[in-house]
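**Student:** In this text, residue positions in the sequence shown follow my numbering: the first is 6, and each later residue adds one.
Where is the CB? At the ideal position from N, CA and C, for every residue including glycine.
Sharing a structure, written as structure tokens. Questions coming.
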Amino acid sequence: MYGVAVAALGMLSTIATGLAIDAYGPISDNAGGIAEMAGMSHRIRERTDALDAAGNTTAAIGKGFAIGSAALVSLALFGAFVSRAAISTVDVLTPKVFIGLIVGAMLPYWFSAMTMKSVGSAALKMVEEVRRQFNTIPGLMEGTTKPDYATCVKISTDASIKEMIPPGALVMLTPLIVGILFGVETLSGVLAGALVSGVQAGASEHARTLGPKGSDPHKAAVIGDTIGDPLKDTSGPSLNILIKLMAVESLVFAPFFATHGGILFKLF
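Dropping the structure here:
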């Protein structure tokens, strides 16, 4: 486990460069979307497409470092949790551990579904506000009046904070509930399952760059982009937080779980 911790530290030593690379992708993607919605010239759109393609490449590199470091850190924290909870062995064939594995493997997908639903809800609120401004502000459609930017920013900020409460509660409460009710063995299975299945997918986001614009395949790829963007920019990076935060919380409460956990098994 010492080697795993050192490897994780080595990957985290380049975190500043990784964050800068990772931030470039969404910025260039949004620039291309703004250029297309604003009806800019084909020459400008070609440049933003080139930047977007480079952004997808750099984002893939940054996310690779992020998920790799998160996996190593979570593995080291899992080893520390097993040691602190005084667990001699973690046997997958044991019913307690097997149940935890199934629940842990399910959590990243449940969490991803919640975050994707949050992205859709926030986007819908923004669309409704844009439609309201077009219908109520005179001259906005003709470009003679400036839109109300502050309201749009407020909607995005409020939605991003409120919509993250349920996923955050899922991450914070799961180790506590499992540790208290089922004990450290089941919790170790949950952590292992979440670590293994905590993966991300963003292949559909890049598919829209293929095929001529206006064709049926390109239209289908654009629809796929609406699914790929939340996976790539929201669900994927947040899964790194999920597996690390669950491991840290379990490590902090490990002595309590080892002493007072497993209430259900003690009763029955």
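#1: How is GLY15 classed by DSSP in three states: helix, strand or coil?
#2: If you run the structure through DSSP and keep just helix, strand and coil, what is SER93?
#3: Since ILE268 contacts LEU196 with CB under 8 angstroms, what's their CB separation in whole angstroms?
#4: Taking the Cβ atom as the reference point for each residue, do GLU190 and THR99 lie within a distance shorter than 8 angstroms?
#5: Among GLY144, THR149, VAL135, which one has its Cα closest to the Cα of THR156?
#6: Mapping the DSSP letters down to three states, classify GLU210 as helix, strand or coil.
#7: Taking ILE160 as the reference, give the member of PRO172, GLU41, SER193, SER123 with the closest Cα.
#8: Anyone know if the C-beta pair for PHE86 and SER255 falls short of 8 angstroms?
#9: Does the structure place the stretch 36-51 close enough to the stretch 74-84 that three or more beta carbon pairs sit under 8 angstroms?
#10: Kindly indicate which residue of GLY188, LYS249, HIS265, ALA13 has the alpha-carbon position closest to the one of ILE104.
#11: How many angstroms separate the CA atom of ALA259 from the CA atom of ALA90?
#12: Excluding the five sequence neighbours on either side, which residues of its own chain have a C-beta within less than 7 angstroms of the C-beta of ILE2, listed in chain order?
**Tutor:** By the coordinates alone:
#1: Along the sequence shown, one-based indexing puts residue 15 at 10. Three-state DSSP puts GLY15 in a helix.
#2: On the sequence shown, position 88 is the one that residue 93 refers to. Three-state result, SER93: coil.
#3: Mapped onto the sequence shown, residue 268 falls at position 263. Mapped onto the sequence shown, residue 196 falls at position 191. Actually they do not touch by this definition, with Cβ atoms about 19 angstroms apart.
#4: In the sequence shown, the residue the question calls residue 190 occupies position 185. In the sequence shown, the residue the question calls residue 99 occupies position 94. Yes, they are a contact pair.
#5: Taking the sequence shown and counting its residues from 1, one reaches residue 156 at position 151. Nearest C-alpha to THR156: VAL135.
#6: Here residue 210 corresponds to residue number 205 of the sequence shown, with the count starting at 1. Confidence at GLU210 is low in this model, with a pLDDT of 45, below 50, so its placement is unreliable and the value that follows should be read with caution. Of the three classes helix, strand and coil, the one that applies to GLU210 here is helix, per DSSP.
#7: Counting from one through the sequence shown, the residue named residue 160 turns up at place 155. Comparing Cα positions, the closest option is SER123.
#8: In the sequence shown, residue 86 corresponds to position 81, counting from 1. In the sequence shown, residue 255 corresponds to position 250, counting from 1. Yes; because the gap between Cβ atoms is below 8 angstroms, this pair is in contact.
#9: no
#10: Locating residue 104 in the sequence shown gives position 99, where the first residue counts as 1. Measuring from the Cα of ILE104, the nearest candidate turns out to be GLY188.
#11: Position 254 of the sequence shown, counting from 1, holds the residue named residue 259. Position 85 of the sequence shown, counting from 1, holds the residue named residue 90. Cα to Cα, the separation comes out at about 5 angstroms.
#12: Since the first residue shown for the chain is 6 and the last is 273, residue 2 is missing from the structure and cannot be characterised.
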